[in-house]
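> Okay, so the sequence shown: first residue is 0 according to numbering that gives the first Met the number 0, each after it adds one.
Built from N, CA and C at the ideal position, the CB exists for glycine as well.
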Amino acid sequence: MKIGIIKEFKTPSDKRVVFTPSKCAAAKKLFPEVEFLIESSDVRCYSDKEYSDLGFNIVNDISSADVLIGVKEVPINKLIPNKKYFFFSHTIKKQPYNKDLLLSILDKNIELFDHETIVDKKSNRLIGFGYYAGVVGAYNGFRALGLKKSIFNLPKASNLHDRDQLNAELLKISIPNIKIVLTGKGRVGSGAKEILDFLNIKQVTVYEYLNTSFNEPVYVQIDVLDYNERIDNRDLDRFDFYKNPTEYKSTFNNFSHVTDMFIAGHYYDKNAPKLITLEDAKSDDFKIKLIADISCDINGPIVSTIRSSTIKDPIFGFSPILNAEVDYLNSDAIVVMAVDNLPCELPRDASESFGEMFIKHVLPSFFNNDKDGVLKRSQMTSDKNLTDSFSYLSDYIAQ
């Protein structure tokens, strides 16, 4: 089997790759029948030479590969007909800007396997970049804190070579006596928590956080039932919340009244209660002055996330009084970090992690007749049609 590692052509460019040189070697060791073809790239965070030094072929024509694997959407004019593709298509939520991409995939008889649709039998995602979104998002939050308060000046994560350099920079700073709330206990939340723990910030319970004053920085990590409750006051599990979000109301104000910094790493359903409304943010007892919104749902659960920010310009301010963007250095501004492609700031580490997950959860299915159904569940298109699991997209492409 020939696996092609495609060049990322999307603009702005993405330096990440699913198979790094070391992961190609690891895959080859597990499955000697694999032949990797590496499409030459001057964008990728790993150079052509790093691949060729390990004996992998660098090519300009990738069309002889059986399976083509990338990260971001493949431009329509770069799609090769009658191939199997793995990449983030950003179509499964009916994103209007990628409708033509999905139509072209169908027209070209391409079998599409979206990284986001690779799940286990319980529909839990098996691969993703969320962990490094959490790592970089938390780092960027502390960078914003230092700039806002003029207490330290962390370099941009995108200017660092890898996670080791990022950790070295964090060791140089001291966090003031603040309270930090972190939402989410998935991959994103785990990555952010790792940064908090690396900084030796004390983790406390919900009760302690809400009811105790401290003389050191502390944080609490909370899940959906810590900041939502049923309207009828029944005490049910979090799966009920996921199933019936409209039957809940937010209690996040309990935290916003005592919090200085909010790191948002939760998953949000559009039908779920909002965490911070404009009315909340205008309240006299609303205390949050910095929000690192890793989840970055525009016009979603957090009123200050009015747009995404960029790696180049990651911080902006939001004035609840004006309900508008302002300079983040304004005294009344909530500082907002809402970069929506955070893993791109540490592309080498993020790529290594993603490749490890792909080798563990996906690659064996190429050789064991997909005995666990990983490929079948994730396949979106076949024979110029949507597969049954993704037939809900029919009206999307018909419009």
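Verify whether the separation of the beta carbon atoms of residue 145 and residue 139 is less than 8 Å.
Along the sequence shown, one-based indexing puts residue 145 at 146. Along the sequence shown, one-based indexing puts residue 139 at 140. No. Outside cutoff.
> For a minimum of 3 consecutive residues, which ranges assigned as the beta strand (DSSP E) are wholly contained in the stretch 265 to 350?
For the stretch 265 to 350, whole beta strand (DSSP E) runs of length 3 or above, ordered along the chain, are 289 to 292, 314 to 318, 323 to 325 and 333 to 336.
> Which partner residues of residue 162 appear in the DSSP bridge assignment?
Along the sequence shown, read from residue 1 onward, the residue named residue 162 stands at position 163. BP columns for residue 162 are empty, so no partner.
> CB residue 289 to CB residue 268, shorter than 8 Å?
Taking the sequence shown and counting its residues from 1, one reaches residue 289 at position 290. Taking the sequence shown and counting its residues from 1, one reaches residue 268 at position 269. Cβ atoms of residue 289 and residue 268: not closer than 8 Å.
> Hey, which unbroken runs of the beta strand (DSSP E) at 3 residues or more fall wholly within the stretch 140 to 207?
You should have 178 to 182.
> Which residues does DSSP list as the beta-bridge partners of residue 384?
Counted from its first residue, the sequence shown places residue 384 at position 385. According to DSSP, residue 384 bridges with 381.
> Let me make sure I understand the geometry here. Which of 109, 91, 340 and 73 has the alpha-carbon closest to that of residue 389?
By one-based count along the sequence shown, residue 389 stands at place 390. For residue 389, the nearest C-alpha among the options comes from 91.
> Taking the alpha helix (DSSP H) that residue 49 belongs to, which residues open and close that run?
In the sequence shown, residue 49 corresponds to position 50, counting from 1. Taken as a continuous stretch (DSSP letters only), the alpha helix (DSSP H) holding residue 49 covers 47 to 51.
> Could you compute how far the alpha carbon of residue 382 sits from the alpha carbon of residue 103?
Against the sequence shown, residue 382 aligns to sequence position 383. Against the sequence shown, residue 103 aligns to sequence position 104. Cα to Cα, the separation comes out at about 13 Å.
> Check whether the stretch 313 to 322 and the stretch 345 to 356 touch, using three or more Cβ-Cβ pairs below 8 Å as the test.
Flag = no, the stretch 313 to 322 and the stretch 345 to 356 do not touch.
> Could you name the residues of the same chain whose beta carbon sits closer than 7 Å to that of residue 296, not counting the 5 residues immediately before and after it, in chain order?
Here residue 296 refers to the residue found at position 297 when the sequence shown is read from its first residue. The answer, listed in chain order, is 267 and 304.
> Within a Cβ cutoff of 6 Å, which residues of the same chain sit near residue 262, ignoring the five residues on either side of it in sequence?
Locating residue 262 in the sequence shown gives position 263, where the first residue counts as 1. 137, 140, 181, 191 and 291, listed in sequence order.
> Check residue 397 in the structure and name its three-state DSSP category.
Your numbering for residue 397 matches position 398 in the sequence shown. Residue state, collapsed to three classes: helix.
> Any idea which residues DSSP pairs residue 117 with across the strands?
By one-based count along the sequence shown, residue 117 stands at place 118. Residue 117 pairs with nothing; no bridge assigned.
> Identify whether residue 232 lies in helix, strand or coil by the three-state DSSP scheme.
For the purposes of this step, residue 232 is identified with residue 233 of the sequence shown, where counting begins at 1. Three-state DSSP puts residue 232 in coil, outside helix and strand.
> Following the continuous beta strand (DSSP E) through residue 104, name the residue where it begins and the one where it ends.
Indexing the sequence shown from 1 puts residue 104 at position 105. Taken as a continuous stretch (DSSP letters only), residue 104 belongs to no beta strand (DSSP E), being part of the alpha helix (DSSP H) at 98 to 106.
> Please state the DSSP three-state secondary structure of residue 218.
Indexing the sequence shown from 1 puts residue 218 at position 219. Strand.
> Grouping DSSP H, G and I as helix and E and B as strand, with all else coil, what is residue 75?
Indexing the sequence shown from 1 puts residue 75 at position 76. Residue state, collapsed to three classes: helix.
> Whether or not the stretch 336 to 345 and the stretch 113 to 126 are in contact is what I'm after, with contact meaning three or more pairs of Cβ atoms, one per stretch, closer than 8 Å; do they touch?
No: the two stretches stay apart, fewer than three of their Cβ pairs being nearer than 8 Å.
> Please identify the residue among 326, 52, 76 and 40 whose C-alpha is closest to the C-alpha of residue 59.
For this step, residue 59 is matched to residue 60 along the sequence shown. It is 40.
> For residue 263, report the span of its alpha helix (DSSP H) as first-last.
To locate residue 263, count along the sequence shown from 1; it is residue 264. It is not in any alpha helix (DSSP H) - residue 263 instead sits in the beta strand (DSSP E) that spans 260 to 263.
> What does residue 56 pair with, by DSSP beta-bridge criteria?
Stepping through the sequence shown from its first residue, residue 56 is reached at position 57. Looking at the DSSP assignment, residue 56 forms a beta bridge with 36.
> Determine, using beta carbons only, whether residue 254 and residue 218 come nearer to each other than 8 Å.
On the sequence shown, position 255 is the one that residue 254 refers to. On the sequence shown, position 219 is the one that residue 218 refers to. Their beta carbons are not under 8 Å apart, which means residue 254 does not touch residue 218 by this criterion.
> Tell me where the beta strand (DSSP E) around residue 365 begins and ends.
Counted from its first residue, the sequence shown places residue 365 at position 366. It is not in any beta strand (DSSP E) - residue 365 carries neither H nor E in the DSSP assignment.
> Do you know offhand how far residue 233's Cα is from residue 245's?
Here the question's residue 233 lines up with position 234 in the sequence shown. Here the question's residue 245 lines up with position 246 in the sequence shown. Each residue's Cα considered, the two are about 14 Å apart.
> Sort 33, 135 and 75 by Cα distance to residue 348 and report the nearest one.
Along the sequence shown, one-based indexing puts residue 348 at 349. Of 33, 135 and 75, the residue nearest in Cα terms is 135.
> Quick one, which of 377, 392 and 393 has its alpha-carbon nearest residue 123's?
For the purposes of this step, residue 123 is identified with residue 124 of the sequence shown, where counting begins at 1. Out of 377, 392 and 393, 377 has the C-alpha closest to the C-alpha of residue 123.
> Roughly how many angstroms lie between the CA atoms of residue 189 and residue 70, to the nearest whole one?
Walking along the sequence shown from the start, residue 189 turns up at place 190. Walking along the sequence shown from the start, residue 70 turns up at place 71. C-alpha separation (whole angstroms): 22 Å.
> With DSSP run on the structure shown, which of helix, strand or coil describes residue 126?
In the sequence shown, residue 126 corresponds to position 127, counting from 1. DSSP places residue 126 in coil when its eight states are reduced to three.
> Closer than 7 Å by C-beta to residue 301: which residues in its own chain qualify, once you throw out the five before and the five after it? Chain order, please.
Locating residue 301 in the sequence shown gives position 302, counting from the first residue. Correct list, in chain order: 263, 274, 275, 290 and 292.
> Which word fits residue 208, buried or exposed, when buried means at least 16 other C-beta atoms lie within 10 angstroms of its C-beta?
For the purposes of this step, residue 208 is taken as the residue at position 209 of the sequence shown. It counts as buried.
> For residue 7, name the three-state secondary structure that DSSP assigns.
Mapped onto the sequence shown, residue 7 falls at position 8. Looking at residue 7 - three-state DSSP - the assignment turns out to be coil, as it is neither helix nor strand.
> Is the separation between the beta-carbon of residue 166 and that of residue 216 shorter than 8 Å?
The count along the sequence shown starts at 1 and reaches residue 166 at position 167. The count along the sequence shown starts at 1 and reaches residue 216 at position 217. No, the Cβ-Cβ distance between residue 166 and residue 216 is not below 8 Å.
> For residue 62, list the residues DSSP reports as bridge partners.
Within the sequence shown, the letter at position 63 stands for residue 62. According to DSSP, which records beta bridges pairwise, residue 62 is partnered with nothing at all.
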